[in-house]
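Peer 1: To start, I am sharing the structure in question, which I have written as structure tokens.
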Amino acid sequence: MKSDKKEVKKVSPQVSHRRAKLTLWQKLNRQSTAGFVCVFPFTFGFFAFTLIPVIMSLYYSFTIFDTLSAPKFIGLQNYITLFSNDARFLKSLGVTFFFTFTSVPLRLVFALFVAMILVKATKISAIYRAVYYLPSIIGGSVAVAILWKRMFATDGVLNTILNSFFGLFGIDSSFDYAWLGSTNTAIWTLVILAVWQFGSSMLIFLSAIKQIPTSYYEAADVDGTSKYRQFFSITLPLLTPTVFFNLIMQMINGFLAFTQCYIITQGKPLDSTLFYTVYMYEKSFKDYAMGYGSAMAWIMLIIIGVITLLLFKTKKFWVVGEGEQ
Amino acid sequence: MKKKIALLFVGVMAAFSLMACSDSRETGSADGSKTTTEAESSAADGTTEAAKTSSTGEAVTLRISWWGNQLRNERTDAMLKAYTAENSNVTFKNEFTEWDSYWDKLATQTAGNELPDIIQMDYKYLAQYANNGLLADLSPYIEDGTLDLSAASEDIVAAGSVDGKVQALCIGVNAPALVYNKAIAEEAGVTIKDNMTMDEFVEVSKTIYEKTGVQTNIAYGNGDNFIEYFARSAGYVLFEEGQLGTPDDSVFLDFFHMYKQAIEEGWHVDPSLFVEITPGSIETDPLVSGKSWAFFAYSNQISAISSAAPDLDYGITTWPADNAKAANYLKPGQFFSISTGCENIEEAVKVLNFVTNSVEANEILLAERGIPISSVVAEEIKPLIAEADQAAFGYVNNVVTENSSPVNPASAEGSGEIQALLNSLVEEVCYGQKTPEAAAAEIFTKGNEILASKVAE
Amino acid sequence: MKKKKTIGRIIYHVLVSAFGFLMVYPLLWMVMSSFKESNTIFRTASSLIPEKFTFANYATGWRGFTGITFATFFKNSMVISVIATIGSVFSSAIVAYGFTRSKFKGRGFLFTCMLVSMMLPFQVIMIPQFIWFKQLGWVGTYLPLIAPYFFGQGFFIFMIMGFMEGIPTELDEAAKIDGCSYYGIFGRIMLPLIVPSMVTAGIFSFMWRWDDFLAALLYISDPVKYPISIALKLFSDPGSTSDYGAMFAMATVSIVPAVLIFIFFQKYLVDGIANTGLKG
Chain A
0 MKSDKKEVKK VSPQVSHRRA KLTLWQKLNR QSTAGFVCVF PFTFGFFAFT
50 LIPVIMSLYY SFTIFDTLSA PKFIGLQNYI TLFSNDARFL KSLGVTFFFT
100 FTSVPLRLVF ALFVAMILVK ATKISAIYRA VYYLPSIIGG SVAVAILWKR
150 MFATDGVLNT ILNSFFGLFG IDSSFDYAWL GSTNTAIWTL VILAVWQFGS
200 SMLIFLSAIK QIPTSYYEAA DVDGTSKYRQ FFSITLPLLT PTVFFNLIMQ
250 MINGFLAFTQ CYIITQGKPL DSTLFYTVYM YEKSFKDYAM GYGSAMAWIM
300 LIIIGVITLL LFKTKKFWVV GEGEQ
Chain B
0 MKKKIALLFV GVMAAFSLMA CSDSRETGSA DGSKTTTEAE SSAADGTTEA
50 AKTSSTGEAV TLRISWWGNQ LRNERTDAML KAYTAENSNV TFKNEFTEWD
100 SYWDKLATQT AGNELPDIIQ MDYKYLAQYA NNGLLADLSP YIEDGTLDLS
150 AASEDIVAAG SVDGKVQALC IGVNAPALVY NKAIAEEAGV TIKDNMTMDE
200 FVEVSKTIYE KTGVQTNIAY GNGDNFIEYF ARSAGYVLFE EGQLGTPDDS
250 VFLDFFHMYK QAIEEGWHVD PSLFVEITPG SIETDPLVSG KSWAFFAYSN
300 QISAISSAAP DLDYGITTWP ADNAKAANYL KPGQFFSIST GCENIEEAVK
350 VLNFVTNSVE ANEILLAERG IPISSVVAEE IKPLIAEADQ AAFGYVNNVV
400 TENSSPVNPA SAEGSGEIQA LLNSLVEEVC YGQKTPEAAA AEIFTKGNEI
450 LASKVAE
Chain C
0 MKKKKTIGRI IYHVLVSAFG FLMVYPLLWM VMSSFKESNT IFRTASSLIP
50 EKFTFANYAT GWRGFTGITF ATFFKNSMVI SVIATIGSVF SSAIVAYGFT
100 RSKFKGRGFL FTCMLVSMML PFQVIMIPQF IWFKQLGWVG TYLPLIAPYF
150 FGQGFFIFMI MGFMEGIPTE LDEAAKIDGC SYYGIFGRIM LPLIVPSMVT
200 AGIFSFMWRW DDFLAALLYI SDPVKYPISI ALKLFSDPGS TSDYGAMFAM
250 ATVSIVPAVL IFIFFQKYLV DGIANTGLKG
């Protein structure tokens, strides 16, 4: 309906101008050209800075390349080896999938929940918001790595707290579970780290919530709808584009996660926390097998691409949007 | 109120940035005065360097890269400035980072043909860079005396050669050193003697565990260094060109058995501890935290250990080995190499000569990278260095030098991968996921495969 | 009735601040550790309060390396982050506008390119990109760290697109009737309405540029030009002594800008009544 309106509008000026030549400005102002012009910075940047390196990395994936000498073409050998003879590749894929599919939903839920709670414009809320966002600021620093290890160590903070908690009930325990050292739980310490840093998602939700016109809420208040219902009927549906965006971005970030694993566990114990990109980095730079690493990168690209495509396909089922797509 | 915060914010940022501007001017003058006094003192010292090096008049800028911490950065920079004071035509562009990033950056620079002129090099990577023709051959300069290595041991000089050509100059010697907690040993009533055999070491560890409850860390996570030592004791050089130096997997079997036994008998530190510490960092090592009575370290780490644990009364002895003389070695801690792309190789060689033979240079460096290779220089600076370093000196000179054999040649390409595999196999054995037999078989097969594939390339 | 509300409020505050303390504990730990003597940090890791309170770490840390103090590193990071952020936010907004509000040939293709550019791990294009930048003669300068951001950044383009889609097209049409050009619509209608998302993008961009060390590592070799992200790493070299105290001290200093920016710009994210423009 709306697009029809636009077409109708376009026809009349064009018809009347068919006799005179269109000025440059009018040409630039056509919706299609203007769009192209606006997107041009990206186009230029992409072709100038990204395209060539991306194509080169694709080429490397078909070679043996130790960075110190020229690449040697070997066709699909890297890919074949990856799928047929590399247990660590499959393990890291599994770990990364697990990490992504646990940390991303948890993060989004926490982010939305806390954003809703802290959306008021009071000074105290401002302090709370800063406090909840702070973990994201110290992101991948060595300090976090050291501290995280201290927290989950056998004689660390978590166990100490649990011990005193049990003590409250009269249970005398010397609980010294090795959260980091056990293959079952080590990955969870990384998941918790990722969720702890939900501040960035929270920020995005906050700005999206702000954009919802308060008139909607006012109208609902007049109708007597409970705050609870307002959330589900007004806020949530209007936030679905943001949820969609956050979901895609967090998913991509989850699959490409590197720093948490690299600075805290390096994949130990027994590769139970080996992120895909960390393994790829090890192969490329520690084992000097850049070609192999490039192949790994492209496989991950395809995986992420497929999942993103699937998510886009589901978009029309649950995302409320007013603009065209 | 908001405006005030905004102003405050802008003010703080501006203040920091302004401090930066003024401070670069200050450094210029401060450093200038420092170097003049050093130049004066060097003249008094009577080193022959000033006479030897003559300014050719042509201005040369050398890019030099190294990895290190605050201390090393400052000392190296001061030394380079001392060189410039005597050879005004040579200036340096320093490029320093820390260990982890260093190799990524070097590899990327290589791919882009941007290698620095003088590169700090490590034994683990030497073969890789040398075999790709990236390092200049220093042998002609040694022969004609530009690089005077007469006061250095031949073995150490040979350690830096690949394919018969010296491609890296050792700038600091160290040796394997078992640093241990004297107090705990005394409490358990054991005497630690030099050149223990493996059995004696196991006995001592068990006794200590029984009497004091303190466990042992047998180079866990650092096994890649210990395995070569272990193999040397059995008479083998672990990494050869294209294959492993061991004829079968028996050396590995013994190695893995040792760990398995230690874990089962309870006297080895729990492997899960190692995920909780920062790998490679001395500050979190079990010796420092009191969880292990010994640390399989190197002599140039002793001063770091003593500052991380100032209350520790430590002793230094050799790593255990059945055949001490075959196993022990003097190791080049690190090297300086010159890249083949350097346009002023002769000037760069002169700098290396300065680092090696100038007493003044080493008075600035103070053995921070290890013991100077020139015995003359080492003697001169000995009284000047810190107590912990002196202990290291004493250990290397008195205990090791007499009872050791030449270090293994620079590890072949692919050795890094095998070492990583070894560490993960040790982990699997300790966690009970693999039997020592399976692990030994695996590393023997894979090790040979990896080394062979690198030669085939 | 009132009692219920107050109890409700008390519970709210207790829970939120308790949880908030958990959130902030690691940061608190780092800041407190920076006041401890370096070699006691690990031994006293479980207690927040230092045995011996000291400012020495700040002095040592600030001294920096080879005469280059942290003031220089700070300034470098500021320059890089601010310029890149301005470029990134505005260019991303314009590009997002083009993608959302128009159809043109190749739009789908370019949109896919944009998504793909976000999906490749940096480690893998880092070497080809280095070779390419070397050809351009940009190695050793700040250009690789700043210039690419002036051409839109996938993440922000995508995010701002999401916000723009939520703005009704009636506004565009109203403006067009008033004689506004396509670009004018962007300037007068869109820009004011997407301020929250641009602020968010700005905060993120600043933080990411500030923390980014891989690009700086590869392209900057002269220590005088190092940003803080690299300088911080220099404190911990596994081969020799690591000065964790100094590192934590400088890390604390280093997060100050991000925190200040967040506190200052927060109000654009939540304050006041949302203005949709429908009234006008």
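Chains as they are written, first to last, in numbering that gives the first Met the number 0: chain A, 0 to 324; chain B, 0 to 456; chain C, 0 to 279.
Ideal placement from N, C-alpha and C gives every residue a C-beta, glycine not left out.
Fair warning: this is a prediction, and the values are worked out from it, not measured in the lab.
Residues in its own chain within less than 7 Å of M158(C) by CB, not counting five upstream and five downstream?
Peer 2: S196 and A200
Peer 1: Along the stretch 94 to 109 of chain B, what residues have a CB closer than 8 Å to any CB found in chain A?
Peer 2: W102, D103, A106, T107 and T109
Peer 1: With 8 Å set as the bound, which would you pick, yes or no: does the beta-carbon of Y287(A) sit closer than that to a beta-carbon of chain B?
Peer 2: yes
Peer 1: Excluding the five sequence neighbours on either side, which residues of its own chain have a C-beta within less than 7 Å of the C-beta of T62(A), listed in chain order?
Peer 2: P70, K71, F72, I73 and G290
Peer 1: Have a look at the DSSP bridge pairing and note the partners of Y313(B).
Peer 2: N180(B)
Peer 1: For the beta strand (DSSP E) containing A293(B), list its first residue and its last residue.
Peer 2: A293 to Y297
Peer 1: Which residues of the stretch 63 to 94 of chain A have a Cβ closer than 8 Å to any Cβ of chain C? Give them in chain order.
Peer 2: T66
Peer 1: Rounding to the nearest angstrom, what Cα-Cα distance links I281(B) and S305(B) in this structure?
Peer 2: 10 Å
Peer 1: Would you grab the beta carbon distance between F109(A) and F197(A) for me? Rounded to a whole angstrom, and I think it's under 8 Å.
Peer 2: 5 Å
Peer 1: Going along chain A, which residues have a C-beta under 7 Å from N131(B)?
Peer 2: Result: L67 and S68.
Peer 1: Skipping 5 residues on each side, what residues in its chain have a beta carbon closer than 7 Å to that of N361(B)?
Peer 2: Within the same chain, P371, V376 and I380 come within 7 Å of N361(B) by CB-CB distance, once the 5 residues on both sides are set aside.
Peer 1: Alpha carbon to alpha carbon, how far is K210(B) from A187(B)?
Peer 2: 5 Å
Peer 1: For the stretch 216 to 244 of chain C, which residues have a beta carbon sitting closer than 8 Å to at least one beta carbon of chain B?
Peer 2: L216, L217, S220, D221, P222, V223, I229, K232, L233, F234, S235, D236, P237, G238, S239, T240, S241, D242 and Y243
Peer 1: Just mark W24(A) as buried or exposed, buried being the case when its beta carbon has 16 or more other beta carbons within 10 Å.
Peer 2: With fewer than 16 other Cβ atoms inside 10 Å of its own Cβ, W24(A) counts as exposed.
Peer 1: Would you list the residues sitting across from I63(B) in a DSSP beta bridge?
Peer 2: Looking at the DSSP assignment, I63(B) forms a beta bridge with N93(B) and I117(B).
Peer 1: According to DSSP, P331(B) sits in a beta bridge with which residue or residues?
Peer 2: Listed as beta-bridge partners of P331(B) by DSSP are V172(B).
Peer 1: Restricting to runs no shorter than 4 residues, where is the alpha helix (DSSP H) found entirely within the stretch 380 to 420 of chain B?
Peer 2: 386 to 393
Peer 1: Is there at least one non-hydrogen atom of the ligand ATP closer than 7 Å to the beta-carbon of P191(C)?
Peer 2: As presented, the structure is devoid of all ligands, the ligand ATP included, so that no description of it is given.
Peer 1: Using a Cβ-Cβ distance cut-off of 8 Å, determine whether Q259(A) contacts chain B.
Peer 2: no
Peer 1: Got a sec: is the Cβ-Cβ distance from Y15(C) to anything in chain B below 8 Å?
Peer 2: The sequence given here places Val at residue 15(C); Tyr does not occur at that position. V15(C) does not count as touching chain B.
Peer 1: Here's the rule I'm using: 16 or more other beta-carbon atoms within 10 Å means buried, otherwise exposed. How should V454(B) be labelled?
Peer 2: exposed
Peer 1: Compute the beta-carbon to beta-carbon distance between W147(A) and T188(A), rounded to the nearest angstrom, for a pair I have assumed lies under 8 Å.
Peer 2: 7 Å
Peer 1: Name the chain B residues whose beta carbon is nearer than 7 Å to that of M125(C)?
Peer 2: T107
Peer 1: At the level of alpha carbons, what is the spacing between A70(C) and D198(B)?
Peer 2: 56 Å
Peer 1: Roughly how many angstroms separate the alpha carbons of L168(B) and D65(A), rounded to a whole number?
Peer 2: 24 Å
Peer 1: Return yes when the Cβ of A193(A) is within less than 8 Å of the Cβ of R128(A), no when it is not.
Peer 2: no
Peer 1: For K51(B), does the three-state DSSP call read helix, strand or coil?
Peer 2: Confidence at K51(B) is low in this model, with a pLDDT of 40, below 50, so its placement is unreliable and no value can be given for it.
Peer 1: For the stretch 207 to 234 of chain B, which residues have a beta carbon sitting closer than 8 Å to at least one beta carbon of chain C?
Peer 2: none
Peer 1: Which whole-angstrom value is the C-beta distance of N221(B) and F295(B), which I expect to be below 8 Å?
Peer 2: 6 Å
Peer 1: Figure out for me which residue from M299(A), V113(A), A142(A) and F88(A) has the closest Cα to the Cα of S271(A).
Peer 2: F88(A)
Peer 1: Going along the chain, which unbroken runs of the alpha helix (DSSP H) with 4 or more residues stay wholly within the stretch 68 to 126 of chain A?
Peer 2: For the stretch 68 to 126 of chain A, the continuous alpha helix (DSSP H) assignments of 4+ residues that do not extend past its boundaries occur at 76 to 84 and 86 to 116, in sequence order.
Peer 1: Pull up the distance between the alpha-carbon of S452(B) and that of Q242(B), whole angstroms please.
Peer 2: Whole-angstrom Cα-Cα distance: 9 Å.
Peer 1: Please work out which residues of its chain come closer than 6 Å, Cβ to Cβ, to M295(A), disregarding the five sequence neighbours upstream and downstream, and give them in chain order.
Peer 2: M279
Peer 1: For S186(A), collect the residues of the same chain with a Cβ closer than 7 Å to its Cβ; drop the 5 residues on either side in sequence, then sort them by chain order.
Peer 2: Note that residue 186(A) is Ile in the sequence shown here, rather than Ser. Counting only Cβ-Cβ distances below 7 Å, and skipping sequence neighbours, we find V94, F97, F98, S271 and T272.
Peer 1: Looking at C-alpha atoms only, which residue of I417(B), Y394(B), E448(B) and P408(B) is the closest neighbour of A174(B)?
Peer 2: Y394(B)
Peer 1: Mind reading off the beta-carbon distance from I461(B) to V350(B)? Whole number of angstroms is fine, and I expect it under 8 Å.
Peer 2: Residue 461(B) cannot be examined here, being either before or after the span of chain B that is shown, 0 to 456.
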